[in-house]
Amino acid sequence: MSPPALAQALVAAVTPTNDYEFVSGDLHEEYLRIMYLSGAKVANRWYWAQVLLSIPSLLSYSRSNKSALRHIGVALIALIVLAAMVGVVLVIDTVFQADPIPSWVWFCVNWTDALIFGAILARLVRTDGVRVAFSAALFLVLCFVTPAVAGNPHSQAPLLAWILLWGVIPAMCIGAGLYQAIRCRIDSVN
Amino acid sequence: MAKGEYLGEFEHFVLLTILRLGDGAYGAMIRAEIERVTGRSPVIGAVHATLERLERKGLVSSWTGEPTAARGGKAKRHFKIEADGLSALKNARKALERLHAGVSLRNATV
Numbered sequence: 002m003s004p005p006a007l008a009q010a011l012v013a014a015v016t017p018t019n020d021y022e023f024v025s026g027d028l029h030e031e032y033l034r035i036m037y038l039s040g041a042k043v044a045n046r047w048y049w050a051q052v053l054l055s056i057p058s059l060l061s062y063s064r065s066n067k068s069a070l071r072h073i074g075v076a077l078i079a080l081i082v083l084a085a086m087v088g089v090v091l092v093i094d095t096v097f098q099a100d101p102i103p104s105w106v107w108f109c110v111n112w113t114d115a116l117i118f119g120a121i122l123a124r125l126v127r128t129d130g131v132r133v134a135f136s137a138a139l140f141l142v143l144c145f146v147t148p149a150v151a152g153n154p155h156s157q158a159p160l161l162a163w164i165l166l167w168g169v170i171p172a173m174c175i176g177a178g179l180y181q182a183i184r185c186r187i188d189s190v191n
Numbered sequence: 701m702a703k704g705e706y707l708g709e710f711e712h713f714v715l716l717t718i719l720r721l722g723d724g725a726y727g728a729m730i731r732a733e734i735e736r737v738t739g740r741s742p743v744i745g746a747v748h749a750t751l752e753r754l755e756r757k758g759l760v761s762s763w764t765g766e767p768t769a770a771r772g773g774k775a776k777r778h779f780k781i782e783a784d785g786l787s788a789l790k791n792a793r794k795a796l797e798r799l800h801a802g803v804s805l806r807n808a809t810v
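Okay, structure coming up:
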């Protein structure tokens, strides 16, 4: 028995690369203990709670000795990439305003856009690319969600719009992860 | 002691727990011990973030153990308290004792 795959992927996305093995190992060990004591359902719930509540702590630190200046640089790069990403979507939106495109095409465009920018972000930051992509995508999504929810508590945005928006987070992480995997393969060949 | 050198409450908990468990304590073990002793249930991310901060301050040191099947083939990061960590705990204890001196909680009313 192993912990929920999606939760494990989330741990991999938000944990500093150097610490991933230890954090996921600790979670795995406690998960197995709880599963034997209380069953898989309780263990899965415990695992998800641990992962979700750990996100702020895990995103807040890094083991590498990078200067504060580099962190600011990474944050600026992330913001520029996010601005570019929103810009591309707005341009497409404007071009097709007169003749609305089907929603499935819209999903493909947005998520491909997120995938590409995730990969670009990973290329720019070089280390912890998935983690930076996750933070940047979460920031972007919250920028859209917070005003919508705060402005109208009974927000009636269509379900498809919410799926489209939240899907940006995994899409950017997948883009960054793919870039890292390809780079690892190229490095190992060389 | 400069302001940044004081221990935060959770840092205090983690340092004391490493001392209780002895050399070789690791994340899951520390989390479970804090939960067992204090009743407070910290998340693993908070424990690791605190351990990293304590290591950066030179209060604890760490080394990598062997991977085990019980951890899905993943290794442990073991921790031990350093001399600076021990003196930080002593200072924190002295400060608390001085604050408690002359104060009776039994007769205190609110």
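In order, the protein sequences belong to chains A and B.
Letter by letter, the first sequence follows residues 2 to 191 of our numbering.
Letter by letter, the second sequence follows residues 701 to 810 of our numbering.
C-beta: ideal position from N, C-alpha, C; glycine also.
The continuous alpha helix (DSSP H) containing V24(A) extends over residues Y21 to S39.
It is roughly 51 Å from the alpha-carbon of R736(B) to the alpha-carbon of W107(A). Per DSSP, reduced to three states, the secondary structure at R740(B) is coil, with no helix or strand assignment. Closer than 8 Å to the CB of S39(A) there is not a single CB belonging to chain B. Taking all protein chains in view, the Cβ of K794(B) is surrounded by fewer than 16 other Cβ atoms within 10 Å, so the residue is classified as exposed.
Listed along chain A is no residue with a C-beta nearer than 9 Å to that of K790(B); the closest approach is about 26 Å. With respect to the C-alpha of V24(A), the residue from A8(A), I35(A) and L38(A) having the closest C-alpha is A8(A).
Inter-residue distance for I164(A) and A172(A) is about 12 Å (C-alpha atoms, whole angstroms).
If you check the CB distance, V15(A) and R132(A) come in under 8 Å. Between I81(A) and F118(A), the alpha-carbon positions lie close to 10 Å from each other. Linking M36(A) to M86(A) through their CA atoms gives a straight-line distance of about 42 Å. Chain-order list of chain A residues neighbouring I744(B): V24, D27, L28, E31, Q51 and S55, by C-beta distance under 8 Å. When G40(A), L179(A) and P5(A) are compared, the shortest CA-CA separation from A120(A) is found for L179(A). Taking a C-beta distance under 8 Å as the contact criterion, T717(B) and A725(B) qualify as a contact pair. If you check the CB distance, Y48(A) and L28(A) come in under 8 Å. If you ignore the 5 residues before and after L11(A), its C-beta comes within less than 7 Å of the C-beta of V52, all in its own chain and listed in chain order. Out of L707(B), N807(B), K774(B) and R753(B), the CA that lies nearest to the CA of A728(B) is found in K774(B).
Cβ proximity to chain A below 7 Å picks out nothing from the segment 702 to 723 of chain B. For Y62(A), at least one C-beta of chain B is nearer than 8 Å to its own C-beta.
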